[in-house]
């Protein structure tokens, strides 16, 4: 029987080598007889993690649901920045800011309504002319087919076949079913335009109040930076749109002179179309603007369409290298490559909206960061101006001449060396 101590537990004897005897694992209950408790911070951490995940999912869902509204607000903000100079000038002369904003919007509405009215009348006239001339065009096609392939087709037979065809019946059914979708899209577009107009009106009319509300939550140092950034954005956006409007006017007048000289129908409407579309649709606006006048000119004469194409290309080069740098140097002074890259990036991010606001946004950012970038005087080095200095070594022509001289004199030198070697050998043999 193992010896026990006074408490009744088995006495532990030291091992013969003097090391402590191995002890068993501690009890699971920590010696108290109760189960291990969960740490107090773990439930709170789990609840916090679940709350963060839920908030992220909810924010993502809300952002996707409101992305259309956010884009409309962004467009309205830039439109308000564009009309801010005109509204401020009218308000500085004593007119109420709300009335000044209303007058500016009313003027823009009249211009837009006139443009779409002229364009619609032109398209309607062209469609009517095409419908009226369709029988004659069909007769000419039938005569060509009968003459070429020795057939006996008649226009009456073709019309009856088209009227009783299944394809026409299915097309009419699909068109009738798609009328509701087209109506829904038109109503949605009108609602978006109304939303943009209302937000831009409020942004322009309550601009000072909005700036005061924004600055009231910022320290004085930050207030000065925000106001300066706002002023730069107004100048750049307004200057961009005004310079584009001036270039649209010049482009419209130039194309009107050409179309009127060629006798193209609807020359005023086509000139307005070219001026507006080529200036206010970035990157591809020029090609879209020139396609419609070329099509109308082609109906008159294919040679006229070629002349219109040549004029569009030549005028585009004149505008890019002569007119645009002078008009936008004081308003949107950014490099053409930067402008092109910003348009591509804006299109990838926000589609057509990003392409429209990319250039003024980049110009604003560039002007704002320019005040915080320290610049130094550039050394008067010839390499800065794109050419090498005279003291840096011979030019390419000089080096080519030297290389050619070396190549040309190498055979003579090898012959002299061989002659000298033969002479030395004959001397050695004679010696």
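Numbering (my numbering), first residue to last: 144 to 574.
Cβ coordinates follow ideal geometry from the N, Cα and C atoms, glycine included.
No experiment lies behind these values; they were computed from the predicted model shown.
Cβ-Cβ separation, residue 346 to residue 219 (assumed contact under 8 angstroms), whole Å: One-based indexing of the chain shown puts residue 219 at position 76. One-based indexing of the chain shown puts residue 346 at position 203. Residue 219 to residue 346, Cβ: 6 angstroms. Contact.
Classification of residue 500 by the beta-carbon crowding that lies within 10 angstroms, buried from 16 upward: As a working mapping, residue 500 is identified with position 357 in the chain shown. Burial state of residue 500 is buried, judged by a 10 Å Cβ sphere holding 16 or more other Cβ atoms.
Cβ-Cβ distance between residue 389 and residue 446 below 8 angstroms: What you label residue 389 is simply residue 246 of the chain shown in a count that begins at 1. What you label residue 446 is simply residue 303 of the chain shown in a count that begins at 1. Going by C-beta atoms, residue 389 is not nearer than 8 angstroms to residue 446.
As assigned by DSSP and simplified to three states, the class of residue 296: Translated into the one-based positions of the chain shown, residue 296 becomes position 153. Under the three-state reduction of DSSP output, residue 296 falls in the coil class, being neither helix nor strand.
Closest by C-alpha distance to residue 118, when choosing among 440, 341, 468 and 356: Given a span of 144 to 574 for the chain in the structure shown, any question on residue 118 remains unanswerable.
Among 348, 334 and 546, the one whose alpha carbon lies nearest that of residue 233: Counted from its first residue, the chain shown places residue 233 at position 90. Among 348, 334 and 546, the Cα nearest to that of residue 233 belongs to 348.
Exposure of residue 291, with buried meaning 16 or more beta-carbon neighbours within 10 Å: Sequence index remark: in the chain shown, residue 291 carries index 148 (1-based). Flag for residue 291 reads exposed.
Three-state secondary structure (DSSP) of residue 203: What you label residue 203 is simply residue 60 of the chain shown in a count that begins at 1. Here residue 203 sits in helix by DSSP.
Terminal residues of the alpha helix (DSSP H) in which residue 378 lies: The count along the chain shown starts at 1 and reaches residue 378 at position 235. Start and end: 363-405.
Local Cβ density within 10 Å of residue 192, reported as buried at 16 or more and exposed below that: Here residue 192 refers to the residue found at position 49 of the chain shown. The residue in question, residue 192, is exposed, as its Cβ has fewer than 16 Cβ neighbours within 10 Å.
Selected residue, minimal CA-CA separation from residue 442, among 276, 212, 247 and 211: The residue labelled residue 442 in the question sits at position 299 within the chain shown. Residue 442 has its Cα closest to that of 276, out of 276, 212, 247 and 211.
Residue 417 beta carbon less than 8 angstroms from that of residue 432: Counting from one through the chain shown, the residue named residue 432 turns up at place 289. Counting from one through the chain shown, the residue named residue 417 turns up at place 274. Judged by beta-carbon spacing, residue 417 lies within the 8 angstroms limit of residue 432, meaning their Cβ atoms are closer than that value.
Among 412, 339 and 382, the one whose alpha carbon lies nearest that of residue 264: Numbered from 1 along the chain shown, position 121 holds the residue referred to as residue 264. The shortest Cα separation from residue 264 among 412, 339 and 382 belongs to 412.
Exposed unless 16 or more other CB atoms sit within 10 angstroms - verdict on residue 407: Counting from one through the chain shown, the residue named residue 407 turns up at place 264. Buried is the call here.
Chain-order list of residues whose beta-carbon lies under 8 angstroms from that of residue 307 (same chain, five-residue window excluded): Taking the first residue of the chain shown as 1, we reach residue 307 at position 164. Within the same chain, residue 307 has no close Cβ partners at all.
Contact the region 346-365 vs the region 236-250: 3+ CB pairs below 8 angstroms: Yes: at least three Cβ pairs fall under 8 angstroms.
Proximity below 8 angstroms, CB of residue 414 to CB of residue 405: One-based indexing of the chain shown puts residue 414 at position 271. One-based indexing of the chain shown puts residue 405 at position 262. Taking 8 angstroms as the Cβ cut-off, residue 414 and residue 405 do not qualify as a contacting pair.
Proximity of residue 224 and residue 377 at Cβ, strictly below 8 angstroms: As a position in the chain shown, residue 224 is number 81, starting the count at 1. As a position in the chain shown, residue 377 is number 234, starting the count at 1. In this structure, residue 377 lies closer than 8 angstroms to residue 224 by Cβ.
Residue 521, DSSP secondary structure in three states: Start at 1 with the first residue of the chain shown, and residue 521 comes out as number 378. DSSP places residue 521 outside both helix and strand once states are collapsed to three, so it counts as coil.
Per-residue DSSP class, three states only, for residue 308: For the purposes of this step, residue 308 is identified with residue 165 of the chain shown, where counting begins at 1. Correct three-state label for residue 308: coil.
Residue burial classification, residue 210 (beta-carbon count within 10 angstroms, cutoff 16): Looking up residue 210 in the chain shown gives position 67. Exposed, because fewer than 16 other Cβ atoms sit within 10 Å of the Cβ of residue 210.
Whether residue 375 touches residue 507 by CB criterion (8 angstroms): Within the chain shown, the letter at position 232 stands for residue 375. Within the chain shown, the letter at position 364 stands for residue 507. For residue 375 and residue 507, yes; Cβs fall inside 8 angstroms.
Entirely enclosed beta strand (DSSP E) segments - the region 418-485, minimum 3 residues: With a minimum length of 3 residues, no continuous beta strand (DSSP E) run stays inside the region 418-485.
Helix, strand or coil at residue 185 according to DSSP, with G and I counted as helix: Along the chain shown, read from residue 1 onward, the residue named residue 185 stands at position 42. Residue 185: helix per DSSP, three-state reduction.
Alpha-carbon spacing of residue 216 relative to residue 483, whole angstroms: Position 73 of the chain shown holds residue 216. Position 340 of the chain shown holds residue 483. Straight-line measurement puts the Cα of residue 483 at about 25 angstroms from the Cα of residue 216.
Three-state secondary structure (DSSP) of residue 349: As a working note, residue 349 is residue 206 in the chain shown. The answer is coil: DSSP assigns residue 349 none of H, G, I, E or B.
Proximity of residue 503 and residue 383 at Cβ, strictly below 8 angstroms: For this step, residue 503 is matched to residue 360 along the chain shown. For this step, residue 383 is matched to residue 240 along the chain shown. Yes, the pair counts as a contact, with Cβ atoms nearer than the cut-off.
Coil, strand or helix - residue 238 by DSSP: Residue numbering aside, residue 238 sits at position 95 when the chain shown is read from its first letter. Judged by DSSP in its simplified three-state form, residue 238 adopts coil rather than helix or strand.
Collapsed DSSP secondary structure at residue 415 in the structure displayed: For the purposes of this step, residue 415 is taken as the residue at position 272 of the chain shown. Three-state DSSP puts residue 415 in a helix.
Euclidean distance between Cα positions of residue 496 and residue 214: Residue mapping note: residue 496 aligns to position 353 of the chain shown, counting from 1. Residue mapping note: residue 214 aligns to position 71 of the chain shown, counting from 1. Whole-angstrom Cα-Cα distance: 8 angstroms.
Per-residue burial, residue 257 [other beta carbons within 10 Å of its own, 16 or more giving buried]: Indexing the chain shown from 1 puts residue 257 at position 114. Flag for residue 257 reads exposed.
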